[in-house]
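J.:
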Ligand SMILES: Nc1ncnc2c1ncn2[C@@H]1O[C@H](COP(=O)(O)OP(=O)(O)OP(=O)(O)O)[C@@H](O)[C@H]1O
Ligand SMILES: [Mg+2]
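Protein chains in written order, with the working numbering: chain S, 85 to 664; chain L, 237 to 497.
Okay, here's the thing in structure tokens:
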């Protein structure tokens, strides 16, 4: 039997979600992008994708293994369709309300245009009917999928995944293909995947996955089981290194540009990871050190630096920038030595803003150019290649990768050493760390200084790449985004930070730069927020967590005597009671 | 000259006079017990010695130097290590790491040598690990072998207490302050640890101050017993003297003494 109330609830949820997506203008704006030429636009994908997922979840709850398979299929399909129907009802009422009552003043996106975008540009009666029909069908398909055999389910999800991948990553594919003719074959002029390319992808995916899927998994298993010194393992590592070296040459300009951006955030993520992840000091003004690196490089190298303009070579400026960053680390670190937790976070947040505002102030404008910024920052002189700057991303990418390697190596060495243990101890219990002989003052300052220097790597590279610095590249949002990268990737984990930067900065885009899904730009922060909430609920230790961190978050599951934790403060009375 | 000499130590928390002018001294290679009823100021006494709280008045002279106004880490570096009444380990570090971190103040590798992985740094890392294992072997097999890599929070209560002592030993102190080391242990574990406290002096050469509520333990290990009550020292001497002292019986030993008869 279908649980009517439950289905109804899911329907309301789906309808509410669809109305919300419409209300914030997401559907309207995403619909400007065609994914599959005549039939699918990105807004529709999100609208019906949401419904699809909710219908699927609703139907999954209806599965009863004791029932006949046929009956099961009918039941889940019906549940899905019912969810779709209820969702339409909500959306229809919503659309009618918006047409009838003018709320644009309060909700600027809730106008006729939004209703149009929800209804396939058809307007009230026909469009709403279409919307209802589509919702019921999508819901039914979502429900039906629950009851299908696993093999079929897998094939379908693979095909859908690859097709959507190709459709969403049109820019990337075009960039890699580098030939207009070929990409015109795959994509139609408006950027949507052509129908016949969808068919080719589907056939290829099904054929290849039938043929190779078993072998691929067994090869992966073989590699992961292999001895770390074995030839197989070394071969795979050598291949990956080789790929990393060759890849930038194969990629087009856009992807290299993106790689540079991701690398800059990996750098900053690694630096912040030392401060927050290893030493446990929540620094919300980390962007200040990035700014010191960038402005330091700008002043030292640019001929247009307003007052002081030594026009140094980038490599000569670099050590000076490190020293400046270290001093900045000490300046921020010293006054906050005695602060903990929330207080530290608030004060560092203030510091971050102070740096930006000081750069804009009348007092420092003669030195840093105020809102004019500093332009004409030269690129980096590289032997044999000449000046490498933003115009040659395929070379600049190597430069950033080298610094990422250095920062990664520093983090790796530090975390498994005397210093790393002291940081870990301090993060766990500052008073006890102090009481067993760790100078928490120097441990904290060391963390701030190391983090600051790594951020200044990123700043120096950023200046050379962009060729100009302005204060608006250094606002609070950057600090927050770096922190989100570290949290989502996995605090205290080097590989986690790298993965976090790829997922967030690479796919969604950084605070000022587009990612692979450039269309998301307007709703980037919404996605950031959604991902952060989801991660905190489902996987608070991050995508690739550090061992210590996941221990910390799952202590209660691992502890043999969790009950003792309740009485952690074991008093003398208890002791007497236990022994006399 | 005593290893630690304390005169007129006072410490108040708001209106509570936790320590009201305590004189205390301990010679090298002695084991002194500090006893007293709940709230007598025993833990506060340790907290002030180890620098967690600054004293209001009084002097603390350790090994010939005054300890006034030193940060706790500096005091540990000079040779005073302690454990806590409510065990305070680093729960997410492994057993071995908990002890290794204790050697922080005896080792030197800085950021540069760590990044450059100098020969000295590697040798020091190895030494830290070897010493940590050596310290843990003091407790036999209880904290050895597969336990090295377990996070501290999975340990049993008794093992946590042992690990905390090991961590304190790793700082290579002259003076060990143990705050109720046998609290929460069963009689067998208590007997075993009592013996080990003796070994701390006899085999390892530490001078030890022990806070304890368990008279059997006190009787067995102490060269001298100091009794605190309401922040004031009310008696001092060997176990037999103290346990027959009228003031002490009234303040503290009243109940157990009756029960023992
Ligand atoms: N940090 C603090 N803040 C305020 N009061 C404190 C603090 N530490 C100790 N006290 C007070 O000082 C007095 C002595 O406490 P202390 O913990 O030293 O006693 P104790 O002898 O160790 O007792 P127990 O046998 O229960 O461990 C108590 O009245 C206690 O409430
Ligand atoms: Mg106490």
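In this text, a Cβ means the ideal position worked out from N, Cα and C, and glycines have one as well. Note that this is a predicted model, so its numbers are computed, not measured.
1) What separation, rounded to the nearest whole angstrom, lies between the Cα atoms of residue 386/S and residue 438/S?
2) Leaving out five residues on either side along the sequence, give the residues of the same chain with a beta carbon under 6 Å from the beta carbon of residue 249/L.
3) Can you tell me whether residue 386/L is helix, strand or coil according to DSSP?
4) Report the neighbours of residue 403/L on chain S: residues whose CB is nearer than 8 Å to its CB, in chain order.
5) For residue 193/S, which option in 179/S, 204/S, 206/S has the closest C-alpha, if you only look at C-alpha atoms?
6) Just checking my contact of residue 453/L with residue 426/L at CB under 8 Å: how many whole Å lie between their CB atoms?
7) Just how far apart, CA to CA, sit residue 248/S and residue 547/S?
8) Quick one: any contact between the stretch 329-340 of chain S and the stretch 549-565 of chain S, if contact means 3 or more CB pairs under 8 Å?
9) Tell me whether residue 295/L is buried or exposed, calling it buried when 16 or more other Cβ atoms sit within 10 Å of its Cβ.
10) Counting only C-beta atoms, is residue 389/L closer than 8 Å to chain S at any point?
11) Let me check you understand the geometry: is the CB of residue 322/L closer than 7 Å to at least one non-hydrogen atom of ligand 1?
12) Rounded to a whole number of angstroms, what is the C-alpha to C-alpha distance between residue 369/L and residue 380/L?
13) Taking only three categories from DSSP, how would you classify residue 227/S?
14) Starting from residue 430/L and walking both ways along the beta strand (DSSP E), at which residues does that stretch end?
15) Extract the residue ranges of the alpha helix (DSSP H) inside the stretch 470-523 of chain S, only unbroken runs of 4 or more that lie entirely within it.
16) In whole angstroms, what separates the C-alpha of residue 278/S from that of residue 250/S?
17) Can you give me the Cβ contacts of residue 394/S inside the same chain, cut-off strictly under 7 Å, excluding the 5 residues immediately before and after it?
18) For residue 457/S, which of 347/S, 480/S, 556/S has the nearest alpha-carbon?
19) Since residue 259/L is in the alpha helix (DSSP H), which residue starts that stretch and which ends it?
20) Go ahead and pull the three-state DSSP assignment for residue 554/S.
21) Alpha carbon to alpha carbon, how far is residue 227/S from residue 152/S?
22) Where residue 219/S and residue 196/S are concerned, what is the direct C-alpha to C-alpha distance, given to the nearest angstrom?
23) In the stretch 325-354 of chain L, which residues sit with their C-beta less than 7 Å from some C-beta in chain S, listed in chain order?
24) Taking 7 Å as the cut-off, is the CB of residue 311/S close to at least one heavy atom of ligand 2?
25) Please list the partners that residue 308/L has in chain S, where partner means a Cβ-to-Cβ separation under 7 Å.
26) Can you tell me which of 252/S, 486/S, 515/S, 173/S puts its alpha carbon nearest to the alpha carbon of residue 213/S?
27) Mind listing which residues of the stretch 478-506 of chain S have their C-beta closer than 7 Å to chain L's C-betas, in chain order?
28) Just verifying my parser: in three-state terms, what is the DSSP assignment at residue 278/L?
29) What's the call for residue 97/S, buried or exposed, on a 16-neighbour Cβ count within 10 Å?
30) If you check the beta carbons only, do residue 317/L and residue 407/L fall under 8 Å apart?
31) Report the partner residues of residue 600/S according to the DSSP bridge assignment.
32) Which chain S residues sit within Cβ distance under 8 Å of residue 407/L?
33) Between residue 284/L and residue 291/L, is the Cβ-Cβ spacing less than 8 Å?
34) Specify which residues have a beta carbon nearer than 5 Å to any heavy atom of ligand 1, listing them in chain order.
35) When you check each C-beta in the stretch 248-267 of chain S against every C-beta of chain L, which residues fall closer than 7 Å?
36) Mapping the DSSP letters down to three states, classify residue 528/S as helix, strand or coil.
T.: By the coordinates alone:
1) Roughly 24 Å between the two C-alpha positions.
2) Cβ neighbours of residue 249/L beyond the five flanking positions: none.
3) It is coil, neither helix nor strand.
4) What residue 403/L touches in chain S, judged by beta-carbon distance under 8 Å, is 520, going in chain order.
5) Among 179/S, 204/S, 206/S, the Cα nearest to that of residue 193/S is on 179/S.
6) Contact annotation, residue 453/L with residue 426/L: C-beta distance approximately 7 Å; criterion of less than 8 Å satisfied.
7) So the two alpha carbons sit approximately 36 Å from each other.
8) Because the criterion of three Cβ pairs below 8 Å is not met, the stretch 329-340 of chain S and the stretch 549-565 of chain S do not touch.
9) Residue 295/L is exposed by the Cβ-count criterion.
10) With 8 Å as the cut-off, residue 389/L counts as an interface residue toward chain S.
11) No, ligand 1 has no heavy atom inside 7 Å of this Cβ.
12) Rounded to whole angstroms, residue 369/L and residue 380/L show a C-alpha spacing of 8 Å.
13) Three-state DSSP puts residue 227/S in a helix.
14) DSSP places residue 430/L outside any beta strand (DSSP E); the residue lies instead in the alpha helix (DSSP H), whose first and last residues are 423-438.
15) Whole alpha helix (DSSP H) segments, 4+ residues: 477-499, 502-512, 514-519.
16) Cα to Cα, residue 278/S sits roughly 11 Å from residue 250/S.
17) In its chain, beyond the 5 residues on either side, 384 have a beta carbon closer than 7 Å to the beta carbon of residue 394/S.
18) Looking at 347/S, 480/S, 556/S, the one whose alpha-carbon comes closest to that of residue 457/S is 556/S.
19) Counting along the chain, residue 259/L falls outside any alpha helix (DSSP H), though it belongs to the beta strand (DSSP E) covering 252-262.
20) DSSP places residue 554/S in coil when its eight states are reduced to three.
21) Their Cα atoms are separated by approximately 16 Å.
22) Rounded to the nearest angstrom, the gap between the Cα atoms of residue 219/S and residue 196/S is 20 Å.
23) Of all residues in the stretch 325-354 of chain L, 326, 327, 328, 329, 333, 336, 337, 338, 340, 341, 343, 345, 347, 350, 351, 353 have a Cβ within less than 7 Å of some Cβ in chain S.
24) Result no, Cβ not under 7 Å from ligand 2.
25) Those within 7 Å of residue 308/L in chain S are 518, 519.
26) Ranking 252/S, 486/S, 515/S, 173/S by CA distance to the CA of residue 213/S puts 173/S first.
27) Those residues of the stretch 478-506 of chain S that come within reach of chain L (Cβ to Cβ, closer than 7 Å) are 494, 497, 498, 501, 502, 503, 505, 506.
28) DSSP places residue 278/L in helix when its eight states are reduced to three.
29) It is buried - the Cβ of residue 97/S has at least 16 other Cβ atoms within 10 Å.
30) Going by C-beta atoms, residue 317/L is nearer than 8 Å to residue 407/L.
31) Paired residue(s): none; residue 600/S is not in a bridge.
32) Those within 8 Å of residue 407/L in chain S are 520, 521.
33) In contact: residue 284/L and residue 291/L (Cβ atoms closer than 8 Å).
34) Every residue with a CB closer than 5 Å to a heavy atom of ligand 1 is listed here in chain order: 656/S, 249/L, 252/L, 254/L, 274/L, 275/L, 276/L, 277/L, 278/L, 279/L, 280/L.
35) For chain L, none of the residues of the stretch 248-267 of chain S brings a beta carbon within less than 7 Å of one of its beta carbons.
36) Helix.
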